[in-house]
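Mapping of the sequence shown onto the UniProt record's numbering: residues 1 to 469, in sequence order. Where is the CB? At the ideal position from N, CA and C, for every residue including glycine. Predicted, not measured: the structure shown is a model, and the values here were computed from it. In what follows, a structure is listed as structure tokens, so that the remarks can point back to it.
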Amino acid sequence: MPSQGGFNLDISGVAGFFGGEATRSAVARAHTLYEGGRWLGWYNQPGSYDIARRYARISNSTLSRALFPGPREGEDLTTLFQLDGTVGPKFTAAQSGLVMLRTGHAARLLMEECKSLTIDEVPGAPYRVATPHFVTIVHLAQAPDSTCTPRRRRGMGLLPAFVPISVSLAGCALCAKWNDWYCFSMILLGVVASGISCLIVGAAILEFQHPRAASGAPPGDGLMTDARGMEAVILKGPENAINPVTRGRFVLNYRSAPADNNISFCSLLLTLQFLTQLLLVPQGTLHGQLLFIGTLVCSWAYNSYVSTWDGESFQRKILVEQILQPEQMKKYKFGTRTMTVVFILLVLSPAPPEALRRLLDDLLPNDTPVWRQWKQDVLSGIAEGFGEDGPRFPFDHGQNGAFEEHEMHLLRVLHGDAFAGCEIYRRYRGLSKDDRSSETSTPRFAPRRVLRRLTTLLEKDDSHTDTVV
1 MPSQGGFNLD
11 ISGVAGFFGG
21 EATRSAVARA
31 HTLYEGGRWL
41 GWYNQPGSYD
51 IARRYARISN
61 STLSRALFPG
71 PREGEDLTTL
81 FQLDGTVGPK
91 FTAAQSGLVM
101 LRTGHAARLL
111 MEECKSLTID
121 EVPGAPYRVA
131 TPHFVTIVHL
141 AQAPDSTCTP
151 RRRRGMGLLP
161 AFVPISVSLA
171 GCALCAKWND
181 WYCFSMILLG
191 VVASGISCLI
201 VGAAILEFQH
211 PRAASGAPPG
221 DGLMTDARGM
231 EAVILKGPEN
241 AINPVTRGRF
251 VLNYRSAPAD
261 NNISFCSLLL
271 TLQFLTQLLL
281 VPQGTLHGQL
291 LFIGTLVCSW
301 AYNSYVSTWD
311 GESFQRKILV
321 EQILQPEQMK
331 KYKFGTRTMT
341 VVFILLVLSP
351 APPEALRRLL
361 DDLLPNDTPV
371 WRQWKQDVLS
381 GIAEGFGEDG
391 PRFPFDHGQN
401 GAFEEHEMHL
411 LRVLHGDAFA
421 GCEIYRRYRG
431 LSKDDRSSET
441 STPRFAPRRV
451 LRRLTTLLEK
461 DDSHTDTVV
């Protein structure tokens, strides 16, 4: 029977727009990432019109174009659910010299995972501190298949879904008890439309895809750097193990009917739900309309709760543990950028000299005579090769007539940073004499003595170190 006294809430139209973002997030997290989550969408959800419009925009079917005309947004189901589509950090290949100014979602996930790692402390490592930088070394030995299907998440996290389901069913029962068949049918319609759409959308299988490298490709060793230049990730491994990071992407695929048909049907179903509720809910009783609102509020609260889940951390776990499966991930902290760059060059060596030079100029674009001399000294030291005790930098700390005293001071400081970066590299490789049972003298490479002398100089005059990064 219609609402008595001429009073009704008339909120059915608002319900189609309210809560759409929370509903989208809930479907993305609970119904596509959790195993069995697709079966737990049977409750009256808000935002039906907003979700129908979003589904129509990613479908190319004629029906979807007729329902929601206008330009397509260039999205697919994966980007709609924010499972892919973000821009990753810059990548520079050490062997081939390839520079990718922007990578993809997988590279960004790995960068964020590396930022969360615990720093491997280097006991007694000598270095000065200006601006801290961080480098993570990721060893990738396994080349995953070009298409991987990761396992979905398991657990008890979906148990709260039974709360909105129970509230929606209880609302239907109370409306039937009060003979309010309008609100009864509209709540039931919302339950059925939401359940079917979640069942269909949740049937999409999350896959990870990446192209295979050509046979005979050089090692894929390279460097990823964030926008600020404070975090760097060194990737070590064959090209087919690096490609998933730099070129891989997550995709939601359907194994049966064409995806456009599935998404278009969901869009049509949710549109019918919105229009029917818009027309018939105002015909119900006041108590029935209050129950209808109650089911929407409960569903919105649950969807908002699910939206707080960190779906990205689960994706990072999938990428690292199920797809990349790195042999080793080590993170180090450095006191200056010059020290960091030397360490990066040593880890990526051996590599073509021209590739190392381009990488060095890219990381440190400074182009004054002192910096050019220092870069040449570092590259020459790396080119000499690695002895049994690791790399050696036979820097000449005598007076150079081409530089004034303050420039020589800066050059000594930069040489000290190179020694410190080299010492951390030696300890990373287990080559430091402090890590061995017996010690022998090494007259060509003595970073401790050099750094002690440089520290004394810096304590006396720190006026020229502002140009050192």
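Could you spell out where the beta strand (DSSP E) holding residue i opens and where it closes?
i	result
Met224	Gly222 to Thr225
Note down the Cα distance separating residue i from residue j, rounded to an integer number of angstroms.
i	j	result
Ala28	Leu410	54 Å
Val167	Pro46	14 Å
Asn240	Ala143	5 Å
Gln209	Ala106	10 Å
Arg337	Arg372	16 Å
Asp120	Ser313	22 Å
Phe334	Gly41	49 Å
Pro69	Asp221	47 Å
Arg152	Asn261	24 Å
Thr285	Gly195	25 Å
Ser64	Pro160	33 Å
Thr308	Arg54	21 Å
Val347	Ile234	8 Å
Gly19	Trp300	6 Å
Phe292	Ile187	6 Å
Lys115	Gln277	48 Å
Can you tell me where the alpha helix (DSSP H) holding residue i begins and where it ends?
i	result
Val413	Glu405 to Tyr428
Ala204	Ala204 -> no alpha helix (DSSP H), and no H or E assigned at all.
Leu83	Careful: Leu83 lies outside any alpha helix (DSSP H) and carries neither H nor E.
Leu290	Leu286 to Ser307
Trp178	Neither: Trp178 is in no alpha helix (DSSP H) and is coded neither H nor E.
Glu354	Pro353 to Leu363
Ile344	Arg337 to Leu348
Gly311	Gly311 to Lys317
Ser380	Pro369 to Ala383
In this structure, how does DSSP classify residue i when only helix, strand and coil are distinguished?
i	result
Arg249	strand
Thr103	strand
Met329	strand
Glu121	coil
His139	strand
Thr92	strand
Thr23	helix
Leu235	strand
His133	strand
Thr149	coil
Phe68	coil
Gln45	coil
Phe445	For Phe445, the pLDDT reaches just 36, beneath the cut-off of 50, and the residue's location in the model is therefore unreliable, although a value from the coordinates is still provided. Phe445: coil per DSSP, three-state reduction.
Phe393	coil
residue 536	In this structure the chain extends from 1 to 469, so residue 536 is not present and cannot be described.
Phe334	strand
Phe18	coil
Ala193	helix
Asp466	Only weak support exists for where Asp466 lies, its pLDDT of 40 falling under 50; the value from the coordinates is given anyway. DSSP places Asp466 in helix when its eight states are reduced to three.
Asn243	helix
Between residue i and residue j, which are expected to be in contact by the criterion C-beta below 8 Å, what is the C-beta distance as a whole number of angstroms?
i	j	result
Val135	Ala232	5 Å
residue 507	Pro219	Nothing in the structure corresponds to residue 507, since the chain is present only between 1 and 469.
Run through the DSSP bridge pairs and tell me what residue i is partnered with.
i	result
Gln209	Thr147 and Arg249
I want to check one thing, is the minimum distance from the CB of residue i to the heavy atoms of the ligand PLP below 7 Å?
i	result
Ala203	In the structure on display, the ligand PLP does not appear, and there are no ligands present to speak of.
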